[in-house]
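Colleague: Counting with full-length UniProt numbering, you get residues 1 to 106 for the letters of the sequence shown.
For every residue, glycine included, the Cβ atom is placed at its ideal position computed from N, Cα and C.
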Amino acid sequence: MQVSQDLAKALGVDPLTLLAVTYAAEHAVSPREILQRLEADLMRMELLDELVSLNAPAQAHPVAAQADTLRARIQELKARDLSQAEIARQLGVSGATVSRHLRRHS
Numbered sequence: 001m002q003v004s005q006d007l008a009k010a011l012g013v014d015p016l017t018l019l020a021v022t023y024a025a026e027h028a029v030s031p032r033e034i035l036q037r038l039e040a041d042l043m044r045m046e047l048l049d050e051l052v053s054l055n056a057p058a059q060a061h062p063v064a065a066q067a068d069t070l071r072a073r074i075q076e077l078k079a080r081d082l083s084q085a086e087i088a089r090q091l092g093v094s095g096a097t098v099s100r101h102l103r104r105h106s
């Protein structure tokens with residue numbers, strides 16, 4: 001990494017420029033195509049105009065967050081003495097899902 005930074009400095013370019021040119025040469029495409037791919041990737045990830053912090057707080061994966069929400073709802077309904085079948089019906093999930101969440105909680 002340091003060698004790349006030193007070389008870029010000697011050439012008077014940003015280290016990322018050197019990286020883009022090198023990557024383009026290895027893949028037989030133009031640096032413009034590499035930049036377009038990067039832009040498309042960052043747009044798809046909704047990061048193109050974002051300031052990204054290396055110390056950003058960890059966010060739960062959306063699926064994990066949904067599971068946590070579902071687990072909490074299942075616990076609420078169980079506390080109201082609903083049966084597993086009633087909970088499943090009310091939440092629109094399978095009885096196995098309700099059972100799995102209840103087992104994990106106990």
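Cβ atoms of Leu-18 and Leu-8: under 7 Å apart, would you say?
Modeller: Position 8 of the sequence shown holds residue 8. Position 18 of the sequence shown holds residue 18. Leu is not the amino acid found at residue 8; the sequence shown has Ala there. Yes, the Cβ-Cβ distance between Ala-8 and Leu-18 is below 7 Å.
Colleague: Go ahead and pull the three-state DSSP assignment for Arg-100.
Modeller: Position 100 of the sequence shown, counting from 1, holds the residue named residue 100. Reduced to three states, the DSSP call for Arg-100 is helix.
Colleague: Please report the distance separating the alpha-carbon of Asp-6 from that of Arg-100.
Modeller: Your numbering for residue 6 matches position 6 in the sequence shown. Your numbering for residue 100 matches position 100 in the sequence shown. Going by the C-alpha atoms only, they are around 56 Å apart.
Colleague: What does the alpha-carbon distance come out to for the pair Ala-79 and Arg-73?
Modeller: One-based indexing of the sequence shown puts residue 79 at position 79. One-based indexing of the sequence shown puts residue 73 at position 73. Looking at the two C-alpha atoms, the distance is approximately 10 Å.
Colleague: Suppose contacts are defined by Cβ-Cβ distances below 7 Å. Is Leu-35 in contact with Leu-42 by that definition?
Modeller: The residue you call residue 35 lines up with position 35 of the sequence shown. The residue you call residue 42 lines up with position 42 of the sequence shown. No, these two residues do not count as a Cβ contact at 7 Å.
Colleague: Would a C-beta distance cut-off of 7 Å place Gly-92 and Gln-84 closer than the cut-off?
Modeller: Sequence index remark: in the sequence shown, residue 92 carries index 92 (1-based). Sequence index remark: in the sequence shown, residue 84 carries index 84 (1-based). No, the Cβ-Cβ distance between Gly-92 and Gln-84 is not below 7 Å.
Colleague: Out of Asn-55, Ile-87, Leu-82, point me to the one whose CA is closest to Leu-70's CA.
Modeller: Reading the sequence shown from its first residue, position 70 is the one you call residue 70. Comparing Cα positions, the closest option is Ile-87.
Colleague: Would you give the residue range spanned by the alpha helix (DSSP H) that Ala-10 belongs to?
Modeller: As a first step, residue 10 must be located in the sequence shown, where it is residue number 10. Where Ala-10 is concerned, the enclosing alpha helix (DSSP H) stretches over 2-11.
Colleague: Looking at the unbroken alpha helix (DSSP H) that takes in Arg-80, where does it start and where does it end?
Modeller: The count along the sequence shown starts at 1 and reaches residue 80 at position 80. No alpha helix (DSSP H) contains Arg-80, which DSSP labels as neither H nor E.
Colleague: What is the rounded straight-line gap between the Cα of Gln-66 and the Cα of Arg-44?
Modeller: Taking the first residue of the sequence shown as position 1, residue 66 is located at position 66. Taking the first residue of the sequence shown as position 1, residue 44 is located at position 44. If I take the Cα positions, the gap works out to 22 Å.
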